[in-house]
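Residue numbering for the sequence shown follows this note's numbering, beginning at 1 and increasing consecutively.
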Amino acid sequence: MTPEKLAFENQKLEKRLCREVGRAIVDYNMIGEGDRVMVCLSGGKDSYGLLDILMKLQKRAPVNFELIAVNLDQKQPGFPAHILPEYLSKLGIKFHIETQDTYSIVKEKIEPGKTMCSLCSRLRRGILYRVAKELGATKIALGHHRDDMLQTLFLNMFFGGKLKGMPAKLVSDNGEFMVIRPLAYVPEKDLIRWAEHRQFPIIPCTLCGSQENLQRKQVGNLLRDWDKQFPGRLENMLHALQNVVPSHLMDRSLYPFQTLQTTGAPVADGDLAFDEEPLVAPPAANADAEEVNVRPRATVIPIAATT
Numbered sequence: 001m002t003p004e005k006l007a008f009e010n011q012k013l014e015k016r017l018c019r020e021v022g023r024a025i026v027d028y029n030m031i032g033e034g035d036r037v038m039v040c041l042s043g044g045k046d047s048y049g050l051l052d053i054l055m056k057l058q059k060r061a062p063v064n065f066e067l068i069a070v071n072l073d074q075k076q077p078g079f080p081a082h083i084l085p086e087y088l089s090k091l092g093i094k095f096h097i098e099t100q101d102t103y104s105i106v107k108e109k110i111e112p113g114k115t116m117c118s119l120c121s122r123l124r125r126g127i128l129y130r131v132a133k134e135l136g137a138t139k140i141a142l143g144h145h146r147d148d149m150l151q152t153l154f155l156n157m158f159f160g161g162k163l164k165g166m167p168a169k170l171v172s173d174n175g176e177f178m179v180i181r182p183l184a185y186v187p188e189k190d191l192i193r194w195a196e197h198r199q200f201p202i203i204p205c206t207l208c209g210s211q212e213n214l215q216r217k218q219v220g221n222l223l224r225d226w227d228k229q230f231p232g233r234l235e236n237m238l239h240a241l242q243n244v245v246p247s248h249l250m251d252r253s254l255y256p257f258q259t260l261q262t263t264g265a266p267v268a269d270g271d272l273a274f275d276e277e278p279l280v281a282p283p284a285a286n287a288d289a290e291e292v293n294v295r296p297r298a299t300v301i302p303i304a305a306t307t
C-alpha cells in the first residue's frame, strides 16, 4: 500500500471511529455539560483507543466536559510502571495512577489453573469506584467494544442460562456512578488498526493473558470466524440487541403469557416465527457511508464525525 493510500485509509478509519463513538454517546445520552469523565486506562489497545477518540471529540463538542485518565497498577510482576505516566504526560491530560497489590490477592485466592478474571474484576471494580469518588468523577468510561458486548451475550447464553448482554450505559454496582461504554458500536478490528496506526505503547496483561482456554476467548474466536465468513453478521447481532421483542421470547416477567387472551382481531406481530422476513442492515453496517444524521438532545454531545 502506498503512503498516500495508507494515509487515506487511516483518515477514513478516524472518521469512522469518531462517528461511531459520537453516535453511541448521543443514542445513550452518555456525556453532558459539566461531566467529569474518568477514563479507565489499562494499557491495552481498547482503552488507549477510547481515550484517544474521546480527546478528539472533546475538542469539537458544543458542551464542556472534562477527561481524567486513571490506571490501576495491580503490581503484576514485570509491569512497566513508567509507560503510562510518560505517555499521559506527553498527551497533557490529567491522570491518576492508583497502586494496589491485587495481583497477590488473586494469586493467593485462586487455585492454579482456575480462571482469575472474575475475582480480579471484582477487586478492580471496587477500587475504581473509590477512586472515582475521590476524583469527583460523574461518569466512568470503560473500553468495552462491540465484540466484547456480543461475547458477553453468548457467554451468558452458553454458560449462564441468561439472555443478558453488556449494556452501553448502566448504574454502577454501588449505585453511585454512571458507567458508560462509548465504544459500544466500534468493532474490535477497527481498534486493532487504530492502535497500529497510533502506535500506542501496549502493555500486555500477564495475569490472565496466558489463560488461553478462557471461555471468553473461545467465544471471541467464534465471533471472529463468523465475521470473516459472513460479513455484516456481527453488525446485525448488535442491532438485534437494540430490537428486542418480549412477546417472542419466553420470559414470563417481561410478557404476560399466562394471562394472554385471544381477541378475534388480527395481530400485527403474531405467530410469524417461521415466516421469512426481509433483513435490513443496521445503520453501522456500512462503515464508510455518509454521516449518520442524529438529532442531538439538549445536554448531549452532538458530535459531527468530520476530520
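Even glycine gets a Cβ: it sits at the ideal position worked out from N, Cα and C. Here the structure is a predicted model, which means the values were calculated and not measured.
Option nearest Leu72 by Cα separation, candidates Ile93, Thr259 and Ile97: Ile97
Where the alpha helix (DSSP H) through Ala240 begins and ends: Arg233 to Leu241
Proximity of Gly143 and Ser47 at Cβ, strictly below 7 Å: yes
8 Å contact criterion, which Lys139 and Asp35 should meet: CB distance rounded: 5 Å
Through-space distance from Arg233 to Ala240, alpha-carbon basis: 11 Å
Beta-bridge pairing of Leu72 - partner residues as DSSP gives them: Glu98
Classification of Lys107 by the beta-carbon crowding that lies within 10 angstroms, buried from 16 upward: exposed
Collapsed DSSP secondary structure at Glu14 in the structure displayed: helix
Three-state secondary structure assigned by DSSP to Arg181: coil
Cutoff 7 Å: Gly232 Cβ touching any chain B Cβ: The structure shown has no chain B; it contains just one protein chain.
Expected contact under 8 Å - CB spacing of His145 and Glu188 to nearest Å: 5 Å
With 16 other Cβ atoms within 10 Å as the buried cut-off, status of Gln76: buried
Check whether Thr102 and Leu128 have beta carbons under 7 Å apart: no
For Gly264 and Ile180, the rounded distance between their alpha carbons: 45 Å
Residue burial classification, Ser247 (beta-carbon count within 10 angstroms, cutoff 16): exposed
Cutoff 7 Å; reference Lys133; Cβ partners in own chain excluding five residues on either side: Glu176
Minimum C-alpha distance to Gly49 - residue among Arg23, Ile192 and Thr99: Ile192
Distance CB(Pro167)-CB(Val21) smaller than 7 Å: no
N-terminal and C-terminal residue of the beta strand (DSSP E) that Leu170 is part of: Lys169 to Val171
CB of Ile31 within 7 Å of CB of Phe65, strictly: yes
Strand pairing of Glu188, partner residues [DSSP]: Glu188 is not bridged to any residue.
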